[in-house]
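J.: Note that the sequence shown covers residues 149 to 226 in the working numbering.
Glycine is no exception: its CB is placed at the ideal position from the N, C-alpha and C atoms.
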Amino acid sequence: MILLQLAGILAAKNDGAQWYNAYLLGILAVLGLASFLVLAKKADLSTPSYVNVDANSGNAIEAKKPSLRDLPGLLVLA
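#1: Is the beta carbon of LEU176 closer than 8 Å to that of LEU151?
#2: Please classify ALA170: is it buried, with 16 or more other beta-carbons within 10 angstroms of its beta-carbon, or exposed?
#3: I need the DSSP call for LYS213, collapsed to helix, strand or coil.
#4: Straight-line CA distance for LYS189 to VAL178?
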């Protein structure tokens with residue numbers, strides 16, 4: 149949405165004489181998507197954060213799943 153707003157502002161400059169400059173913001177969107185994909189590949193999503201793995205035996209030990217009661221009271225009210 150932010151990129152669309154910026155593209156509209158750029159396209160409206162100078163009574164729309166340089167509207168084609170708004171397409172340049174698409175390059176930012178492609179770069180952002182590419183960097184997100186690179187960072188997402190680096191993240192280890194195979195084991196959820198609430199599962200503890202015992203290093204000695206290699207067995208997964210199920211820990212208590214986080215719940216709404218684990219959050220601070222002020223955060224829930226906000």
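T.: Straight from the coordinates:
#1: One thing to note: LEU151 has its Cβ within 8 Å of the Cβ of LEU176.
#2: The C-beta of ALA170 has 16 or more other C-beta atoms within 10 Å across all chains shown, which makes the residue buried.
#3: coil
#4: The C-alpha of LYS189 lies about 17 Å from the C-alpha of VAL178.
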